[in-house]
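Asker: Residue numbers for the sequence shown follow numbering that gives the first Met the number 0, so the first one is 0 and each next one is one higher. From the three backbone atoms N, C-alpha and C, an ideal C-beta is built for every residue, glycine too. The structure presented is a predicted model; accordingly, all values stated were derived computationally and were not measured.
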Amino acid sequence: MSIQSNLQHIKSTLPSDVTLVAVSKTKPVSDLTEAYEAGQRIFGENKVQEMTEKWQQMPKDIQWHMIGHVQTNKVKYMVPFVKLIHGVDSFKLLKEIDRQGKRYRKTINCLLQVYIAEEETKFGLNETEIDEILNSEEFKDFQNIRIVGLMGMATFTENQEQIKKEFQHLKQIFDKYKEFSAFNFQLSILSMGMSGDYELAIECGSNMVRIGSSIFGERN
Ligand SMILES: *Cc1c(COP(=O)(O)O)cnc(C)c1O
């Protein structure tokens with residue numbers, strides 16, 4: 000199957016209010032170009048350097064989403080062009096994004112990554128940590144970030160019931176924080192679902208899916 004036909008197939012199954020992020024990490028620019036020519040404009044990468052190199056080479060109407068864990072010292076490289084940072088999982092990172100946003104006179108859209116899996120390895124915040132961020136005095140002064148949604152990853156398991164429970168849990172957290180509103184915090188995006196579980200994620204309320212291997216093929 001070609002990238003173009005994979006994309007067309009996936010898009011035909013997505014409800015109109017669900018945004019598709021084509022996860023192109025590890026894939027060559029030629030593959031991204033094929034997706035671009037098929038109409039795809041939103042790409043997700045998980046390494047700042049790789050995303051920056053691809054941004055330099057690709058057409059400038061692409062929206063670049065950072066979906067991976069970000070080290071604070073790398074933030075400055077993507078702030079000039081990144082459209083959405085999905086994996087904000089610490090106050091320290093948020094603070095650095097705000098600081099770099101100021102430097103570049105930009106407001107950076109962010110999702111807070113919420114920990115919903117049973118695995119020890121997944122990054123993310125719990126509700127207590129989100130509350131701490133929202134209630135901190137420093138957060139109220141962050142002028143150059145906008146928290147526009149939440150992102151989460153389910154446990155890597157075949158157990159559909161477990162995945163469903165985790166997605167439902169994240170949706171519940173999303174609905175709770177949707178009630179809270181500040182100039183730099185207003186949730187509308189719920190980023191959950193990947194190649195293996197995006198249909199379930201959408202059933203559970205996702206409106207942004209991050210799909211890689213089902214578009215570009217398996218990664219090495
Ligand atoms: C790699 C990755 C994806 C895409 O995974 P696929 O299973 O290839 O669709 C989605 N989200 C994150 C955070 C990723 O790192």
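For ligand 1, is there any heavy atom lying closer than 7 Å to the beta carbon of residue 61?
Answerer: Residue 61: no, Cβ never under 7 Å from ligand 1.
Asker: Where do the ends of the beta strand (DSSP E) carrying residue 12 lie?
Answerer: Where residue 12 is concerned, there is no enclosing beta strand (DSSP E), although the alpha helix (DSSP H) it sits in stretches over 2-12.
Asker: When you compare each of 36, 38, 64 and 39 to residue 49 by their alpha carbons, which one comes out closest?
Answerer: 64
Asker: Can you name, in chain order, every residue of its own chain whose Cβ lies under 7 Å from the Cβ of residue 77, other than the five neighbours on each side?
Answerer: 47, 50, 51 and 65
Asker: For residue 159 and residue 29, I'd like the C-alpha separation in whole angstroms.
Answerer: Just so you know, the alpha carbons of residue 159 and residue 29 end up roughly 35 Å apart.
Asker: Just confirm the distance between the C-beta atoms of residue 206 and residue 189, as a whole number of angstroms; I'd bet it's less than 8 Å.
Answerer: 5 Å
Asker: Take residue 221 and list the residues in its own chain whose beta-carbon comes closer than 6 Å to its own, dropping the five residues that flank it on each side.
Answerer: With the chain running from 0 to 219 in the structure shown, residue 221 is simply not present.
Asker: Is it true that the CB of residue 92 sits closer than 8 Å to the CB of residue 69?
Answerer: yes
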